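The next block holds one structure in the form of structure tokens; read it before the comments.
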Amino acid sequence: MIPRNRKGCKLDFTQEVVWERVYLKKKCKEVGVEKEYILYEKRLRCNSIGVFIFLHSAVTLIHCFLLLMTCQDTTIIQIDIISYIGAALLIITVLSINFNEEIIRKHSWIMYASSVIAASVMVMVDLMLHIYHMSDHWNVGSFYDTYVIYSIYLFMPIPFIKGPLILGVSVSLSYITYFFAILDAKHLYQMKNVFQFNQMAVDVVHYICFNMLGLFFRLMSDIIVRSSFLDRQQYVMEEIGLRSARKQEQLLLHSILPPQIARPFQEDIRSRVAAAGKRRGHRTHNVKERIMAIQNHPEVSILYADVVNYTHLTTTLTVNELVTLLHDLYGRFDVAASHFKVQRIKFLGDCYYCVAGLSRPDPDHAKCCIDLGHCMIAHIREVRLNRNLNIDMRIGVHSGSLLAGVIGATKLQYDIWGNDVKIASKLEATGRPGHIHISERTLGSILDNTYEILPGTEEALNDPYLASHNIHTFLIAAINVKLEDYGLKGAESHSYMQLAEEERSSSIKRELQAEYGKLPVGAFHIIDFIRFWKKTKKKPQNTNNSSRPIVDFFFLHFRDPRLEYNYMRQPDYMLKYSVLLAWFIGISLIYIQIVYHDRGNLYYYVDGIVFITMTVPLFITWFKKMCYWRYKKDSHEFSKWTCKIFRIAEFMQRNLIIRLCIYMSTVIAYFGVITVVLVDCDQEEFQVRHIENKLYHYEPDLFICFHPWVLTNMACLMIGMSVIFTRIPWMVKIIVSVLEGLTYVIIMFFQFEYIIHHSKTTNPYFSSEYAHTYIIGITIVSFYLMERQAEFNSKVNYNWRLELLKKQQDAVITNKSITILLQNILPAHVVNIYLTSLASHELYYEDYEMVAVMFASLQNFVLDLANLRVLNEIITEFDKILYYYRKDYLVEKIKIVGCTYMAACGLDLRFSGRIDGQDDNSIIKEVTRAQRFLAAFEKQSAVPGVRNEVVFVLTTFALDLLRTLWMCRNVYEKLPIDRGVFSADMSIGISCGEVMAGVVGASQVHYDIWGNPVNMASRMDSTGVSGRIHITEETAVILRAYGIECDYRGMTFVKGRGVLPTYFVGIDENYEFKNTPEFNSRPPVNPLKRMRQNNDDTDEMDP
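Count along the sequence shown from 1, then add 2; that gives the number in the working numbering.
Structure, rendered in structure tokens:
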């Protein structure tokens, strides 16, 4: 489209250029399918032989039948019938060799040789019969001259364009040379004056025009078929890519959710992505509308595994070494879990827990977990030996029931809850390295007990939780497991991207070759033709063939009217070529008319009108391409009037009505030229002159009336042009061409019957009326079969484009779904990295200098089904708050474990550039105000100017979680439900410092962070106080720099670190930060107003 501009415009030829033959040929070579296209072109040509055999057999038999029925003396035309039938049999035999694709593939020269032989046989038979009858003084003309030219371009197996052009020109020169040099000069071509030369030139013009029609058909057919071929190649690539993407989507979804509950979430994501694409700005589903997918599983076994000495590893290994180690371990564990039909739930730093009997009930679930535990111990010992690390495995297994499902609105994560889950965790915590710690119930669930059972640990006996639930424990010592026996030796983990890439690379070539073999090669099949005439109520069998469009056999229209309507309304980017050919044919007809009837000013007026009518569309349609040729390498600014011509040309291409007007004006112009020829004929004077010629034997005046065969050839040209005009509804072209033939025949028979009757014929005693009518009929049928093939190719191309568009739309939805799923596993900034760098099978890991980590745990919260519903509502509200922090400050939700909400800030290096203070959001205002205070504080102190906004932002987020919980508590207090359902408080712990992050796992990718801040934040949470934010001393120093008051709690015992000074963030009764005296006064932020704003904006969340 040309952009509108009052001063001028730039030329945009992008849509037109994709329909240029040079571009398509170059594109085929670029994508590496030129060889396959050449083979397909040969298949197309070989298929057209069947059409030609059908046509030529019909033409020969009908012609011979008419000769026998109409000729008075059949002995004279016996030689004609024998020659026609013998030539037909020879031609069919020669051309039938091309049906053997194996021979043609090895010896492509056979296609050329058979075409030359077939054309030569027809020419030789035609000319030899002419010489034979001329010797008997029969004034006959040629029969095959135009027909053989049709056949060369439309049906002969000779491929491409140069071959048919050379053969067609050679045949034309043969006829021209014969009639010029062999025939007696007195008969037709005397070179005494210019009129005789012009008459010979008329025949030359006819042959040129017929060759132009055939060449145009080959060019347009090549463009359409190449375009279809490229579309099919792209369709197959999209199909393979879509199938791979859907497998990626399924693997990703199953890495979050088990298959039994994944489908509703997948359908929800895809439907919302599709709806968002159709209606921009449309309100998406509210997060509250999400269904809480929680299921009860009564008979399962839970395995908890913990890496012993893991904390030491996080402080001694580099990021690369730690992520490589965890990826190796967890990848091995994933492969082993899949082997033993145990479903991994998630990682918790160094903790790996999974469940047997979850996705499918398994009576031997306990043994599956124990066998997996033995393999895990064997794997970690192998890794310990290979990497020289002091690590081991502590495993706990318990059997019972649990609740499993997904809670929250973002970062969906599958988790399990229940007393038996906590018991399994306690068994792991109180277990012994290198052993599997099991409960009495698990021991009783083992169907085939062949293990050495040892008494439980002393720690388990002293654990109050296990004692309160009367849990008796046992130990199973590790056994020597040969990983080779399970097919797990050296098992390398592969990400889903690796699997998809391997599948894609292995199947593309095979599927492309199979698809190329199924490409349709024609619209005409004898079986289909017979079925068409026999069908009654039964539908054609090929309507369900996906490789061919659902079209009617005879009229080739789509059975779906809407599809047919949209097909007809396509823009015609080849219109300029049709207009150019129509103009050339029109000029040729005008020249022929002038040669025979150059009399009076009226004829010049008619010719002038016809010339202008055809030249104006030619100029408009070609002007844009001429400008493209001239300025395609330059950025040229065109004038206002030039741009108007461009837009008119584009409007003509897009508008079917305008194209129909051009088409009909061309037909009317042709009729106008022929009408001038007919009007100028005085039939009475012609009869008198003809009788005198017979009586007195003098040379006739050739220009007293029209030459019948010249006029028939003009009609054939008009019919041919009417049929091959591009992007005109096929039925319109067929109806117009048939009406043209009928009109011509009727006028000749009823108005100029005497002239036609006394014109030359093609065979002795064969009526001239039949000869003219038969030639017109052959022309219509030949062009019908030709255009049928072109229309079929065009509709195949259109149908494939629709299929390609659907595939591309499905691919867009799938890719967006993959991105959404990845964003539920990985932080937003990691998604693109994962889709690019990890696609080449590289590990992803990062080391951050400053990251704030938060653990927020609900206290006194019993995880039964009723409370899980409440927990889902609370986590959903937390996720609503997270949306704004994630969008503006890149706060990432890491995971939910039981009732603990883990988040971090600073995992995206773009963080420092995101805060500009230009938004009205209250969070941004709060952060900006704190930044200004920090800048003033840094000027007055020796504190280095390190950007530690991550700590302040995450603390602000933690305060918003407290506000949200307070709002939820107030709402539940007003509801007519049991007050005991919601009686939870929340403790929060925050720490900051250097953190490592990475993606680990095999079948289920997992993003996690490690480091001292993670451990300290967890300890701050576990040793904290309900309703307070518990922080380390380093965190308190940073918050004070932002003007937030921090209350000293005292010396607190922290597991693994000893006694440390800790602090509480200063929060008043209105859930606002207490500011240090140095902090400037500022208007308070109303939490109710903020909550209301957040709830109102919920619908703007991403799917």
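Cβ atoms here follow ideal geometry from the backbone N, Cα and C, with glycine treated the same way.
Predicted model only: the values in this text are computed from it and were never measured.
Could you pull out every residue in the same chain whose Cβ sits closer than 6 angstroms to the Cβ of residue i, ignoring the five residues on either side in sequence?
i, result
"I119", "V96"
"R443", "S401"
"D147", "Y177"
Which of helix, strand or coil does DSSP assign to residue i?
i, result
"A868", "helix"
"R1059", "coil"
"Q655", "helix"
"F863", "coil"
"I730", "coil"
"C371", "helix"
"K808", "helix"
"M988", "strand"
"G1052", "strand"
"S303", "strand"
"V171", "helix"
"V20", "coil"
"Q753", "coil"
"T1064", "strand"
"E1047", "coil"
"G674", "helix"
"E875", "helix"
"D308", "strand"
Just tell me which of the options has its CA closest to the CA of residue i.
i, options, result
"K818", "I55, E694, L244", "L244"
"G674", "M616, K626, Q689, E687", "M616"
"I896", "F476, G351, I1046", "G351"
"F555", "Q791, M750, V483", "Q791"
"E879", "Y903, G743, S230, K646", "Y903"
"Y891", "T957, D849, R871", "T957"
"E103", "G143, R45, G333", "R45"
"L308", "P1015, E323, M378", "According to the sequence as given, residue 308 is Asp; it is not Leu. Of the listed residues, the one whose Cα sits closest to D308 is M378."
"V669", "S739, A651, H709", "S739"
"D14", "E652, I133, A469", "E652"
"L69", "F785, T764, I650", "T764"
"M644", "R656, T623, I659, P1015", "The identity of residue 644 in the sequence shown is Thr, whereas the question assumes Met. Measuring from the Cα of T644, the nearest candidate turns out to be T623."
"G420", "K627, T1078, A868, V1039", "A868"
"R334", "D394, L215, L217, L485", "L485"
"L964", "A358, Q753, R1030", "R1030"
The beta strand (DSSP E) with residue i in it runs from where to where?
i, result
"Y1009", "1008 to 1012"
"L1168", "As displayed, the chain neither begins before 3 nor continues past 1105, which places residue 1168 out of reach and without an answer."
"L404", "394 to 408"
"H1032", "1031 to 1034"
"I64", "Counting along the chain, I64 falls outside any beta strand (DSSP E), though it belongs to the alpha helix (DSSP H) covering 36 to 72."
"M904", "902 to 907"
"Y416", "416 to 419"
"Y312", "Where Y312 is concerned, there is no enclosing beta strand (DSSP E), although the alpha helix (DSSP H) it sits in stretches over 312 to 318."
"V893", "893 to 899"
Considering only residues of the same chain and omitting the five flanking positions on each side of residue i, which have a CB-CB separation below 8 angstroms?
i, result
"V747", "H774, T775, I778"
"E1035", "L1062, P1063, T1064, Y1065"
"S1020", "F857, G991"
"L456", "H437, F476, L477, I478, A479"
Is any beta-carbon of chain B found at less than 8 angstroms from that of residue i?
i, result
"S1028", "Protein chain content of the structure displayed is limited to a single chain, and chain B is not contained in it."
Which stretch, first to last residue, makes up the alpha helix (DSSP H) that contains residue i?
i, result
"V321", "321 to 341"
"T958", "951 to 976"
"E566", "563 to 570"
Leaving out five residues before and five after residue i in sequence, what residues of the same chain have Cβ atoms less than 7 angstroms from its Cβ?
i, result
"V612", "G588, I592, A671, G674, V675"
"I647", "I622, F625"
"F531", "Here F531 scores only 43 on pLDDT, less than 50, and its place in the model should not be relied on; the value that follows carries that caveat. Cβ neighbours of F531 beyond the five flanking positions: none."
### Task
Note down, one range per segment and in chain order, each alpha helix (DSSP H) of at least 4 residues found wholly within the stretch 84 to 146.
103 to 108, 111 to 137
### Message
Could you tell me which whole alpha helix (DSSP H) segments of length 4 or greater appear in the stretch 426 to 489?
### Response
442 to 447, 460 to 464, 466 to 470
### Task
Scan the stretch 578 to 634 and note each continuous alpha helix (DSSP H) run of 4 residues or more that stays entirely inside, going in chain order.
603 to 633
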